[in-house]
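Enquirer: Have a look at this one.
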Amino acid sequence: MNSSVLSPSTSSSPAGPAPAQLLVGSPGRVLSPAALVGDTPVLWVGAPFTAPGRGFWAKLEGRNPGGIKDRTALYMVERARERGDLLPGGRIVESTSGTLGLGLALAGIVHGHPVTVVTDPGMEPLVAGLLTAYGAEIHTVRVPHPVGGWQQARRDRVRELLAVHPGAWCPDQYHNPDSVHAYAPLAYELVAQLGRIDTLVVSVGTGGHSAGVASVLRQFFPALKVVGVDTCGSTIFGQQAAPRLMRGLGSSIHPRNVDHTLFDEVHWVAADEAVWAARALARSRYASGGWSVGAVSLVARHLAATLPAEARIAAVFPDGPHRYAQTVFDDAWCRAHHLLDRTPADAPDEIAHPGERTVERWTTCRTVVDPATGTDPGTAEAAR
Ligand SMILES: Cc1ncc(COP(=O)(O)O)c(C=O)c1O
């Protein structure tokens with residue numbers, strides 16, 4: 180399949196399937212739910228969300244059964260089974276804000292493994308309900324770790340659960356290299372769909388999809404500009420840890436899967452700015468998502484306005500809008516969290532180094548630092 184669509188209305192055939200097609204079967208018929216993963220479309224996002232005549236391509240990973248992490252969940256489980264790290268029927272235990280949990284529930288059903296998901300009180304009720312429906316067990320930590328926040332608290336609980344379930348296996352999405360390699364097909368799909376890509380805009384949480392997609396795309400397009408999108412209060416690119424409302428992207432630990440050498444620039448986005456963009460996108464383009472989609476689309480919109488008009492920009496949208504109905508798209512919830520008080524600026528603030536100051540609104544930096552090693556890989560240009 181090579182599915183790129185210019186408008187939400189151009190992807191469906193008004194005539195519907197021909198009678199002969201109904202008799203012989205359809206190309207969308209699959210034997211396993213695993214085959215529903217991948218081959219997601221790209222949608223053109225233009226005006227009025229962007230400036231007239233400008234726009235970018237959104238890779239709609241929300242079209243996977245659970246979201247972008249279906250890809251890595253299946254891949255990590257399959258590789259672990261091949262290596263014998265995960266034995267037949269063995270339990271899968273993992274820390275997740277939800278998206279990987281949905282993918283692991285799918286992988287568990289496909290390959291016959293019970294799944295335990297460790298999360299925190301921020302998990303959306305819709306995701307918790309779906310995980311339960313898919314047969315996963317949910318453990319919720321109640322207190323954040325004093326330094327490593329909710330993520331570290333979740334990972335500590337995973338360790339406790341592994342100790343009491345002999346034969347249980349943890350994919351460890353933050354550090355498992357399989358979680359990077361799992362995204363090669365996404366990059367190949369983008370190449371087939373767009374032909375040429377000049378700029379990639381990706382959110383960063385565990386670092387898996389940014390590293391996996393960017394490293395493959397660079398082989399095709401050596402001059403590719405890679406723009407990472409993080410949240411204010413996340414430590415990934417060298418800012419101080421602070422409480423974060425946004426989930427999915429951002430981190431309070433230092434995941435080894437983040438490849439700092441791949442990024443040309445990073446943007447930190449605040450929660451209200453992501454909400455504004457996710458809502459504007461929904462109103463103008465129907466396709467939307469939550470925190471990471473809002474943040475990525477805000478940055479891609481800015482790049483579309485400021486890069487040369489012929490630059491082809493691909494932005495990865497990790498999931499769809501449904502799970503955010505009671506947060507990003509809920510007026511009362513947003514008002515209670517002061518997320519509807521300001522419209523984002525047209526351009527980010529800029530700092531020369533992540534250590535320059537703590538950022539609290541949309542800000543960019545072209546010096547990309549790996550805070551875990553203390554080394555500064557310098558600009559991505561120098562690292563290549
Ligand atoms: C909705 C959403 N967006 C973005 C991300 C960040 O992706 P990655 O972990 O590949 O860096 C995640 C990760 O869980 C996510 O769930």
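By this note's numbering, the letter at position 96 of the sequence shown is numbered 275, and the numbering carries on one by one without gaps.
Ideal Cβ placement from N, Cα and C applies to all residues, glycine included.
Determine the direct distance from the alpha carbon of F442 to that of T552, and round the result to whole angstroms.
Expert: 16 Å
Enquirer: From what residue to what residue does the beta strand (DSSP E) around L269 run?
Expert: Reading off the sequence, residue 269 comes out as Gly, not Leu. Neither: G269 is in no beta strand (DSSP E) and is coded neither H nor E.
Enquirer: Between the alpha carbons of R270 and T522, how many angstroms are there, rounded?
Expert: Near 46 Å, if we compare the C-alpha coordinates of T522 and R270.
Enquirer: Between D335 and L373, what straight-line distance do the alpha-carbon atoms span, to the nearest angstrom?
Expert: 42 Å
Enquirer: Given this structure, state the Cα-to-Cα distance separating W512 from L424, to the nearest angstrom.
Expert: 12 Å
Enquirer: Nearest CA to the CA of R464: which residue from I288, G499, F228 and L215?
Expert: F228
Enquirer: Decide if the segment 205-215 is in contact with the segment 340-349; the criterion is three or more beta carbon pairs, one per stretch, under 8 Å apart.
Expert: no
Enquirer: For G246 and T278, I'd like the C-alpha separation in whole angstroms.
Expert: 6 Å
Enquirer: Take G291 and list the residues in its own chain whose beta-carbon comes closer than 8 Å to its own, dropping the five residues that flank it on each side.
Expert: P267 and G268
Enquirer: So L239 is in the beta strand (DSSP E); what residue range does that whole segment cover?
Expert: F235 to L239
Enquirer: Do you know how far the Cα of D520 is from the Cα of G346?
Expert: 50 Å
Enquirer: Less than 8 Å between the C-beta atoms of F496 and K238, yes or no?
Expert: yes
Enquirer: Just the Cα atoms here: how many angstroms apart are I530 and W223?
Expert: Rounded to whole angstroms, the gap between the alpha carbons of I530 and W223 is 31 Å.
Enquirer: Quick one: using the 10 Å Cβ neighbour count with 16 as the cut-off for buried, is D299 buried or exposed?
Expert: buried
Enquirer: So what's T378 in DSSP terms, helix, strand or just coil?
Expert: strand
Enquirer: Please name the residue or residues paired with S274 in a DSSP beta bridge.
Expert: Partner(s): V297.
Enquirer: Tell me the residue span of the beta strand (DSSP E) that contains E316.
Expert: E316 to T319
Enquirer: Can you list, in chain order, the residues of its chain with a C-beta nearer than 6 Å to that of R435? Leave out the 5 residues immediately preceding and following it.
Expert: Around R435, the same chain offers H354 as residues with beta carbons nearer than 6 Å, after the five sequence neighbours per side are excluded.
Enquirer: Does the Cβ-Cβ distance between L403 and L369 come in under 8 Å?
Expert: no
Enquirer: Spatial neighbours of G282 within its chain, please: CB distance less than 6 Å, with the 5 preceding and 5 following residues excluded, ordered by chain position.
Expert: G245, K248, D249 and A252
Enquirer: Would you check whether ligand 1 has a heavy atom nearer than 7 Å to the C-beta of G246?
Expert: Yes.
Enquirer: Quick test of your reading: E452 and R540, contact by CB under 8 Å. State the CB separation rounded to the nearest angstrom.
Expert: Confirmed, about 7 Å.
Enquirer: At a threshold of 7 Å, does S471 count as lining ligand 1 (C-beta to nearest heavy atom)?
Expert: yes
Enquirer: Give the secondary structure of W329 by DSSP, where H, G and I count as helix, E and B as strand, and everything else as coil.
Expert: If DSSP states are grouped into helix, strand and coil, W329 belongs with the helices.
Enquirer: What three-state label does DSSP hand V203 in the structure shown?
Expert: Because the pLDDT of V203 is 49, which lies under 50, any placement of that residue in the model is unreliable, and the number read from its coordinates should be weighed accordingly. V203 falls in the helix class under three-state DSSP.
Enquirer: Closer than 7 Å to a non-hydrogen atom of ligand 1 - does that hold for the CB of G407?
Expert: no
Enquirer: Would you kindly work out how many angstroms separate the C-alpha atoms of T385 and D357, rounded to a whole number?
Expert: 12 Å
Enquirer: Under the criterion of a Cβ to heavy atom distance below 7 Å, does G384 qualify as lining ligand 1?
Expert: yes
Enquirer: Based on Cα-Cα distance, which residue from L477, T414 and I492 lies nearest to S430?
Expert: The shortest Cα separation from S430 among L477, T414 and I492 belongs to T414.
Enquirer: Exposed or buried, T485, counting other C-beta atoms within 10 Å across all chains shown (16 or more means buried)?
Expert: exposed
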